[in-house]
Amino acid sequence: MLELLFDNLEKLSIISLIFFLYAEIHLYIPILRGILYKKQPEIIFDTPYRVNSDYLPVLLLLKDADKFPIFLEHIIISIYDKSTRTLLDTIRIDENMTINQKWFGKIYHITVNGFIGKTLEINCKGFFKINGKDLIVKNDNYPGLSHKNLTVHIDPECLPSKDGWHCGDIHCHSYYTEDQVEFGLPLFLFPEIAKPMGLSFNAVTDHSYDLDDLLGTWTKKDPNLIKFKNSRKEIEEINKKYSDYIIIPGEELTVDNGHGRYVHMLVLNNKNFIPGNADGFEGIFDNKIAYFYGKIAEIGDDSMLTASAHPMTLFPYVQRILLKRGIWNFNDKSDSLDGHQILNGKIDNAFRLGKENWIKQLLKGSRKYIYAGNDSHGNLNRFRQLRTPLFKLYEGNYQVFGECRTIVFTDISKGINQLIKNLKKGQVVISNGPFINITIKDNGNNLYHIGNQAPVDAVKQICIESKSSEFFGKIKEIKIFNGQIDNKVEKLIFAKNYQNVSNVREKIKIQELRSGHLRAEVFTEKDKFCLTNPIWLI
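Structure below.
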């Protein structure tokens, strides 16, 4: 009994307390079942927060129906106008099927072309039978949560960008991130959900300490890495089906920050498995693995991207003590690291500190790029998270899939390697709303893009292109900065306020620039923003 108790206590992995995820409710230990446990599969309805499409993908996801078989009779989806609370439509879908597999995911395509420009509330009800009893689920069956309607905007406008630029999310988790208290989204659902949102790619960065698990366990390692291999094979098969969407395989690793503290790192398109488990439960009770991040970056090539993940997130005090979790060491230089994922689905102090430290390093001569993701574990409309394992859940409206975006100039039809190459080259901006791009013309009319290096003495003109939409707000302000390495300061060289404008094209002449970098920012009336990566001035 003591051995069984200890084995189940392993399921209370402290690492699982901080992610934003679909919540696992079947965790229990022999002497304590908790109040979340139900003899039902997890049942979740979900939708994107915004689509630019004449249909809305509504997801029904069930997990653990192999343990708790259930019969789905029918679904009723009610659509309301959020502003007036008026019922606009009701759709009934008859299913009459038994669900008895571990993972069940189905997307219902709901026609919304009559609601273009509206913000809707979606109420999903599933009518089930389990163990001979009726069960009605409204939006989810998580105990203690609101079960409130899902909110989605049917946008008549595309995501702000321009021809040749593509939007994506470089940090999200699939159902291969699965343990005692969390799970992500089945892989095959990503393109069908992301494309109506206006996304062209996403990176699946499952935890390294999940990818090496023995199938059917959460704490035992598999020397044959079957789970890792299965994930790569599944992604490869999905990518064969699409010429306009790419899933990038990746990992989220635990690495050493050079000060003996553990931080997280994204590795995209790695061909071989890279271990890292030191701040997870496996690392406490088994072989602890956390390589110095610089060594990981050095094993990469042009087809692999490495970046810090949420580098300045300050973890709870208990985790800092027990798990030795820390923040990214920006003072340590690794030329092989491509950059930093400073935008992680939430505009908080961690984002602001990440941006501040990135700029400080630019002024010291570092050439690292910034990226954006959301760290979503399946959540499309809002996250549903465990606050206290066994006892308490909570929910919120941030860190949802695709909200914070990496926008890159690339040709999606040319595949993963070309996409990774362009992400590494730095012709990239990050955004939670609008778009901005800058280019430089020199005295010989040569054009230099973000990520290029330009001769500082020959700069003749800076060209600005910016775009927003009604949903993200009119453009309010644009700023351009010249990072000056010799003075170790960023100088504001252009600032302009705008009113009632969604598109900006400006050509400006600057009298004097100093060696270092040039970058731009745009803000909207709804406090949405976009940051460019640098043009290097030499």
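Per my numbering, the sequence shown starts with residue 2, numbered consecutively.
Beta carbons are placed, not taken as given, at the ideal position from N, Cα and C, and that holds for glycine.
Kindly indicate which residue of the options has the alpha-carbon position closest to the one of residue i.
i	options	result
G374	I481, L200, D211	L200
N380	N101, M98, A195	A195
M305	K492, H110, C531, I417	I417
Q559	D303, N231, I348, E179	As displayed, the chain neither begins before 2 nor continues past 539, which places residue 559 out of reach and without an answer.
L254	V502, K64, N278, V401	N278
N501	T525, N114, N240	T525
N504	I465, L519, F482, K489	I465
E252	I123, K222, K242, I297	I297
Y38	E404, Q462, G145	G145
R520	G165, T407, Q428	Q428
I539	G452, E74, K480	G452
L323	Y263, D336, N446, Y294	Y263
P42	D95, S377, I100	I100
L424	Q342, Y294, E122, L394	Q342
N398	I77, R233, S147, G517	S147
G517	E471, I536, K527, I44	I536
F482	E471, W219, N345, I463	I463
T314	I348, S337, G340, Y292	I348
G165	E238, Y50, W104, D245	D245
L344	S335, D336, G355, L338	G355
Y109	F191, L57, S175	L57
Start and end of the beta strand (DSSP E) containing residue i?
i	result
W166	166-173
A298	Here A298 belongs to no beta strand (DSSP E); instead the alpha helix (DSSP H) covers 294-299.
K442	436-443
Q500	490-502
H260	Run containing H260: none; DSSP gives neither H nor E here.
L88	88-100
I481	476-485
W537	536-538
R520	517-525
P58	56-64
Would you give the residue range spanned by the alpha helix (DSSP H) that residue i belongs to?
i	result
D211	209-212
I383	Checking the displayed sequence, the identity of residue 383 turns out to be Arg instead of Ile. Neither: R383 is in no alpha helix (DSSP H) and is coded neither H nor E.
I191	The amino acid occupying residue 191 in the given sequence is Phe; Ile does not appear at that position. Looking at the DSSP string, the run of the alpha helix (DSSP H) that includes F191 is 190-198.
A351	350-363
Q419	417-426
V319	318-323
F609	Because the chain is modelled from 2 through 539, residue 609 falls outside the range shown and cannot be assessed.
Counting only the same chain and skipping the five closest in sequence on each side, list residues whose C-beta sits under 7 Å from that of residue i.
i	result
H102	Here residue 102 turns out to be Gln, not His, going by the sequence shown. Here the set comprises A66, D67.
F129	I71, F72, L73, E74, L136, V138
I227	L216
K83	T120, L121, E122, T152
S79	L88, T91, N124
V40	Residue identity check: residue 40 is Lys in the sequence provided, not Val. Closer than 7 Å at Cβ, skipping near neighbours: F69.
H208	T178, E253
H27	Caution is warranted here: a pLDDT of 49 is assigned to H27, below 50, making its placement in the model unreliable, and no coordinate value can be reported.
L514	V457, V460, N483, L538
Starting from the C-beta of residue i, find all residues in its chain whose C-beta is less than 6 Å away, skip the five residues before and the five after it, and write them out in chain order.
i	result
N55	Reading off the sequence shown, one finds Asp at residue 55, where the question assumed Asn. Here the set comprises N114.
C531	V430, S432, P435, F436, I437, V523
D47	L60, L381, N382
I19	Per-residue confidence for I19 stands at a pLDDT of 41, beneath the threshold of 50, marking its modelled position as unreliable; no derived number is given.
Y294	V256, M266
I32	Note that I32 has pLDDT 49, beneath the 50 cutoff, so the model's placement of it is unreliable and no number is given.
L363	G484, H518
I44	L63, V138, N142
Would you call residue i buried or exposed, if buried means 16 or more other Cβ atoms sit within 10 Å of its Cβ?
i	result
F7	Because F7 sits at a pLDDT of 28, beneath the cut-off of 50, its placement in the model cannot be relied upon, and the following sentence gives the value as read from the coordinates. Counting Cβ neighbours within 10 Å, F7 comes out exposed, since fewer than 16 surround it.
A496	exposed
A459	exposed
D213	buried
P197	buried
E4	With a pLDDT of 29 at E4, under the threshold of 50, the modelled position of this residue cannot be trusted; read the value that follows with caution. Per the 10 Å Cβ criterion, exposed.
E235	buried
S232	buried
E404	buried
L448	exposed
P224	exposed
R406	buried
S175	buried
Since residue i and residue j are thought to touch, with beta carbons under 8 Å apart, how far apart are those beta carbons, to the nearest angstrom?
i	j	result
N203	D156	Actually they are not in contact, since the Cβ atoms of N203 and D156 sit about 19 Å apart, beyond 8 Å.
L1	G106	It is not possible to answer for residue 1, since the shown part of the chain is limited to 2 through 539.
P312	I328	7 Å
V205	I248	6 Å
H172	R51	The Cβ separation is near 19 Å, so there is no contact.
A310	G340	11 Å between Cβ atoms; not a contact.
I239	L188	6 Å
By Cβ distance below 8 Å, which residues in the same chain neighbour residue i in space, the five residues on each side in sequence not counted?
i	result
S162	C168, I408, F436, K468
K529	S432, N433, G434, P435, S469, F473, G474
K527	G434, F473, G474
K325	G261, R262, Y263, A279, D280
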